[in-house]
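Protein chains: 2
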Amino acid sequence: MSGEESVLEAEGSVPTTAESGGSGAGDSIGDSPLRREDARALRGETTYTDDFGREAAALAFVRSPHAHAHVDSIDTENAAAIDGVLAVYTWEDLADGDSPMELPVSTGPLDCEVPGHPVLARDRVRYDGQPVAAVVATDRYVAADGVDAVEVAYDPLGVESDPVAATDEGAPTLFDAAPDNVAAVGELGDREETDRAFDGAERVVAVELENNRLIPSALEPRAALAEFDRTEGFTVTMSSQSPHGHRRKLSHTLGVPERQIRVISPDVGGGFGHKGHHHPGEAMAAWAARDLGTSVKWTATRSGNYREGAHGRDHRTTAELALDGDGTFRGLRVDTHAGIGGFALGGGGAMPGWYGRLLASQYEIPAVYCRSRCVFTTTAPVHSYRGAGRPEAIYVTERLVDAAADELGVDPVDLRRKNLVGADDFPHETAVGATYDSGNYEPTLDDAVDAVEGAPRGGERDDDGRLRGVGIASYVESTGGGFESGVVRVHPDGGVTVSAGTHDHGQGHGTIYAQIVAEELPVPTGEIEVVEGDTDKVPTGTGTFGSRSTVVGGNAVAESARSVFDKARRIAAAELDADPTEVEPTDSGFAVASEGAEECTFAEIAGAAYGRGLPEGLSPGLEATTFYELADTAYTFGTHAVAVAVDPETGEFDIERYVAVDDCGVRVNPQIVAGQVHGGVAQGIGQARTERATYDEDGGLAAATMLDYALPRANDLPDIEVRTQETPSHNELGVKGIGEGGTVAAPPAVVNAVVDALGVEHLDMPLTPETVRGAVEN
Amino acid sequence: MSGEESVLEAEGSVPTTAESGGSGAGDSIGDSPLRREDARALRGETTYTDDFGREAAALAFVRSPHAHAHVDSIDTENAAAIDGVLAVYTWEDLADGDSPMELPVSTGPLDCEVPGHPVLARDRVRYDGQPVAAVVATDRYVAADGVDAVEVAYDPLGVESDPVAATDEGAPTLFDAAPDNVAAVGELGDREETDRAFDGAERVVAVELENNRLIPSALEPRAALAEFDRTEGFTVTMSSQSPHGHRRKLSHTLGVPERQIRVISPDVGGGFGHKGHHHPGEAMAAWAARDLGTSVKWTATRSGNYREGAHGRDHRTTAELALDGDGTFRGLRVDTHAGIGGFALGGGGAMPGWYGRLLASQYEIPAVYCRSRCVFTTTAPVHSYRGAGRPEAIYVTERLVDAAADELGVDPVDLRRKNLVGADDFPHETAVGATYDSGNYEPTLDDAVDAVEGAPRGGERDDDGRLRGVGIASYVESTGGGFESGVVRVHPDGGVTVSAGTHDHGQGHGTIYAQIVAEELPVPTGEIEVVEGDTDKVPTGTGTFGSRSTVVGGNAVAESARSVFDKARRIAAAELDADPTEVEPTDSGFAVASEGAEECTFAEIAGAAYGRGLPEGLSPGLEATTFYELADTAYTFGTHAVAVAVDPETGEFDIERYVAVDDCGVRVNPQIVAGQVHGGVAQGIGQARTERATYDEDGGLAAATMLDYALPRANDLPDIEVRTQETPSHNELGVKGIGEGGTVAAPPAVVNAVVDALGVEHLDMPLTPETVRGAVEN
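Encoded structure:
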């Protein structure tokens, strides 16, 4: 960070107008101007969904205390009689209307026909905390009283939270359509060819591992404020990563056309994938707002958020690597049980397209076969969480490579290096049909290895008696899927409004998009505002998740800016009485290059665009809209290296060194890239050492509060050293996404280091003191 | 009107989503589906600016009781001390900041450099009611108390409200830069050639007349609710015909970039040009909102609206027509003094481009010369009012033609017919360079004349002793100036949102634009919503005035719809595995014409557009934005015929018959066209018989309330018979505007009829009983 200007003085925010000021110098692609988003947050001026609608009625849910039960009866009478309770709803009320009031079933291919998630339980609950009834009251305190007064009679059924055990005979069945609880079996790769590779292999190494179930823990819980107007339709202000995606989903659930729903997403206090998913709260609030003719707000409690909000990960995997005697990889065979919870909402990231395609990672593996079973368990539904299938895949591969090195008695770095896809082999098509756009893997491996060169390892004891270990994890990550809209609108006074269908919730889109547009147009970033988060203000959008915003949103915005540039240059040429090809951009407009004299300012060009006397063939206006889609996603990659020191007495360990070497192509704003790496690594370390959504034997979520669910704290986190390399991708900006790399690389790197320190074969995450101490003792 | 469906059941509204339902049948161009706008209004669900911001602070103005005075001192102390008064502002407060806080000077060419209209008087007031100080208080009652408590010391100066007298030597001077009060002299046509035509003419006929000053009387007075946020900038909700225009003007006055201002215009209760103009209220409210950090609302009182709001017309004209002995027109010479009030805000419609270009009307006149003097008078500023220069021009010509017929002793119809531009002479270029796109004048004249065939005239007395007269007025009207934006956005579920930069305030854009889009796309109107009135939701816009919305907005929307159609057809072709040229639209999608079998619904196409696997070369999304501008404006024309019966005892007269024959090209919705004609004729009759903004000898507006300013009432208005003809214009839809034709044709038609009944040479409007009785007596 430059340190020369204060964050509070520097920049504006997103969405911003009044404060989009900036210097205009040093704000090009590759510079790191201060984030314009930060001043508002530091001043406490950010406004989250719960800051709106202070007069709105409050919605609260009656939640099932059982993980699996028949709902025999619901008595709402006492609740409805409470002064200030406006309505108490059960499924019977919702079933009256035309609205489906069922969250849509997973878009992934399922092998069975199961119903969607009812907004209120139909006659059965399938996970602890499932909404059974809804109370709307004058305020949230009365609503809570109402919730307490609803009497529900349950008939408990059997529970099973483990996705492997859930497929056992005798396990409780969640849906008749899936008697073995398997919702879908996804296969990727050629099974027979892979089996042949294994049959002919000199060595086969196997690991069995769990990718621990995690709970996305945004600081701001989910929230929605719903309003209904007979003319305007629904307006739903909600904490969303994907306003247009939520509009589409609400359209399904409410049974009304998309044009009758406006979704506004104001400041969002963290998302991590979780806020791209559709939950009962927003649909119930909207339905109640229409029913009651008043605005209705729902803000999740923390435990409600934890119990009902979509969780992440939850894989149980057996993986095998076939090698030649010299360590050349011949085949990879993976079998995964992915717990998807009590309803099929998103496939849990287990479907082949999300997971299996990355298993080969950076390595040349001629035969890969992956089978993923999506399994219903009596738990909260699982959906994509920062990384979404990528961390699960890379964790498998990187643990397996270390296990193989151990078994073969070779240096895990050498084993990796031997099998890397070569720098000349791009675009590279993998055995399962993924096409890596560009890459240069070995230098990032070397750089990471260099960084921990000389660090004690292999269980060496240091002066404090701590066992030392070093871990390496290399990865690839597919980024930038789907399409995105980007609008660049020049106002008559030359100011610019940029909008995109992505939605910032910490990423810094306002800063980045302004840099991208300022690179294309002779306008300083301070005159460029960025607008997101309102389906009425943005043409359409996919949203922000999957490390996609800069890749697809950035390229959409850039392409629109180039269109605007071309038209502006034609107008400038007319104003300067020159041929467009002679006209070149200056700092603040256009001039005839050869003359270097008269300049036409960008504001003058904008004025002319909306005025009279435009050159023949040009229509008025100066704006462009682009819907951008990558032909193939862009594959970010890198290697992280970790050095640990394990206290064998307590099972605690310190991360002595953490070096992240990532290559996400062209970095629009290196400081923001570094911030993304820091955040991702912190979350990855959280998975590796502290977090696990544990269900107790009755099926209750044991970690339903922030006291019980162990997020990493500052003292769990090391200094994170960020190193970079830039191998451009093939899109126009040359960019790849970096939002998730840290969550992908950190878990295997940390586990590999601790495993190295302890000299064990494997340890499942999280590496709590109890787990580590147990391994030391064995 | 079909009468088969109730307005309340039928359609939605604008802007609308939830209620845009409609049958989809009989909603094509040329049909008259019920207006979707009406149900909300009839149910009382419309929301005007004053319905918002109920918690906002209230702004009220201290207004000058003098028409012309120095402001010696302003004592705000007592006002500021009132409990609930938040602030009292004078010019000194405004001058402190960076904002100009002066409404911009007329965009027409001025011959002198004069300042803009200060939002609060600088040191001098120039018309009765000019804002001198502003009070912001907790509510409007306290604000009114505050206004009463402000003490202003004035030093009165001389007043003059007549634009001819204001140019006399000795008249009080408003600005040193214009010592004779002439702000601009506009000339159009070749003076010498015209003089030669007159020199060689056998007959010259002259009239002297006044086009009476009018006050736009929208039911909803001007209003603005201003909010300021350090991040979002200004949001100004206001009663505007042109949200983007007001954003641009506010940008000037507040001195902030356009991107930092959002203008929202909700339901607007009448405009008539007036609500396209920039007034002090919205600027002062915005400035105060920022200054005080609270939302501030200003709603004009009726008298404040009348005294300070821009007025219309106010011409004093001498006009001469040169003829051959056989009645062939040889030349037209016009000299006009146009009062523009105390500040130069809009040129009063007097500038040659607005006024002189229409003087030749439907006639072949080889030489035309017009001189217009824009004159400062100590009155409210004058700006465009329904018709905006066109009624003033046609009134001159049609009075002159009748006077010439009288002098030559020929039938005024014959004299008109003899000089009409022939049906084969289009496009027709006039002597002053206007190019009429298309026309066929004689049939409309014949039709109108036929309608009053046999009506007693020429002062014939009927059985009641009433003097009977018949009047004819033919006209042309330029419509559809400037550019407009039109967006057609298809949502993934196939619903359509249309937006345009125009703004409905009674015209029925929602109904019309939906018809236009349904004509191009296989989507029923009920699935098409129309959005206007928000600078954040609409790319850009010019606004609704000058009979332009269907012409430029409609064509913009149509062009976007055609772009969407082309892309939809390509997608359909891919879905149907056919060549795009083989694919034809059906009622609800596309099918291969030759096969007539498999159909691809529009919703499926929309889904595909936002999904994966689009045909090569197509980017995702299904929407288009068009900025449409006519090469030349479209000239509507027609003839109105009136039969009157004058009571010589009372001076009252009845309009026995009113026939309007108008040709506005293709009529998208004939019922709405008829409604526009009705409204325009009513307003034109108001000018002809009751309305006049009279200033007293002290310069005070004598007609500052609705009791004193005589709007026409139901009993002043006749049954209006609407007849039509359709001569398409050259734009893609073939449409011309019809919003103002009635205000253009009615005044001369009515005056010609009364003049015919009384056998006098001329009578100035308004034809009050006093005026008529005076004429009878003479």
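Chains as they are written, first to last, in the working numbering: chain U, 5 to 782; chain Z, 5 to 782.
Backbone N, C-alpha and C define an ideal beta-carbon position, used for all residues, glycine too.
When DSSP labels each residue in this structure, what does residue i get in the three-state scheme?
| i | result |
| --- | --- |
| leucine 525 of chain U | coil |
| cysteine 369 of chain Z | The sequence shown places isoleucine at residue 369 of chain Z, rather than the cysteine named in the question. DSSP places isoleucine 369 of chain Z in coil when its eight states are reduced to three. |
| glycine 25 of chain U | Confidence at glycine 25 of chain U is low in this model, with a pLDDT of 39, below 50, so its placement is unreliable and no value can be given for it. |
| methionine 288 of chain Z | helix |
| glutamate 656 of chain Z | coil |
| proline 122 of chain Z | strand |
| alanine 518 of chain U | helix |
| valine 109 of chain Z | coil |
| glutamine 729 of chain U | strand |
| isoleucine 344 of chain Z | strand |
| tyrosine 445 of chain U | helix |
| tryptophan 358 of chain U | coil |
| phenylalanine 380 of chain Z | strand |
| valine 456 of chain U | coil |
| leucine 325 of chain Z | strand |
Spell out whether any CB of chain Z is found under 9 Å from the CB atom of residue i.
| i | result |
| --- | --- |
| aspartate 497 of chain U | yes |
| glutamate 49 of chain U | yes |
| glutamate 23 of chain U | Only weak support is given to the placement of glutamate 23 of chain U: the predicted model assigns it a pLDDT of 41, under 50, and the value that follows is read from those uncertain coordinates. Closer than 9 Å to some Cβ of chain Z, the Cβ of glutamate 23 of chain U qualifies, so yes. |
| serine 489 of chain U | yes |
| glutamine 264 of chain U | yes |
| valine 535 of chain U | yes |
| arginine 361 of chain U | no |
| phenylalanine 594 of chain U | no |
Let's see if you can read the secondary structure: which residues bound the alpha helix (DSSP H) around residue i?
| i | result |
| --- | --- |
| glutamine 691 of chain U | 674 to 693 |
| serine 567 of chain U | 558 to 580 |
| leucine 363 of chain U | It is not in any alpha helix (DSSP H) - leucine 363 of chain U carries neither H nor E in the DSSP assignment. |
| tyrosine 310 of chain Z | 306 to 312 |
| arginine 394 of chain Z | 394 to 412 |
Would you list the residues sitting across from residue i in a DSSP beta bridge?
| i | result |
| --- | --- |
| valine 425 of chain U | In the DSSP output, where bridge partners are listed per residue, valine 425 of chain U has none listed. |
| threonine 630 of chain U | U/Gly490 |
| aspartate 159 of chain Z | Z/His74 |
| tyrosine 93 of chain U | U/Ala138 |
| threonine 439 of chain Z | Z/Glu433 |
Cβ of residue i less than 9 Å from any chain U Cβ?
| i | result |
| --- | --- |
| proline 624 of chain Z | yes |
| serine 27 of chain Z | Only weak support exists for where serine 27 of chain Z lies, its pLDDT of 38 falling under 50; the value from the coordinates is given anyway. No, serine 27 of chain Z lies away from the interface with chain U (no Cβ there is under 9 Å from its Cβ). |
| valine 780 of chain Z | no |
| phenylalanine 430 of chain Z | no |
| proline 37 of chain Z | no |
| tyrosine 310 of chain Z | no |
Residue range of the beta strand (DSSP E) that residue i falls in?
| i | result |
| --- | --- |
| phenylalanine 594 of chain Z | 593 to 596 |
| threonine 303 of chain Z | 300 to 303 |
Tell me whether residue i counts as near the ligand FMN, meaning its Cβ is closer than 8 Å to at least one heavy atom of that ligand.
| i | result |
| --- | --- |
| alanine 99 of chain Z | With respect to small molecules bound, the structure shown includes none, and the ligand FMN cannot be examined in it. |
Positions along the region 549 to 574 of chain U whose CB lies within less than 7 Å of some CB in chain Z: Going along the region 549 to 574 of chain U in chain order, one finds no residue with a Cβ nearer than 7 Å to chain Z.
Residues of the region 602 to 615 of chain Z whose Cβ lies closer than 8 Å to any Cβ of chain U, in chain order: Hits within the stretch, in order: Tyr614.
Residues of the region 250 to 280 of chain U with Cβ closer than 7 Å to any Cβ of chain Z, in chain order: Listed in sequence order: Arg252, Ser255, Pro261, Glu262, Arg263 and Gln264.
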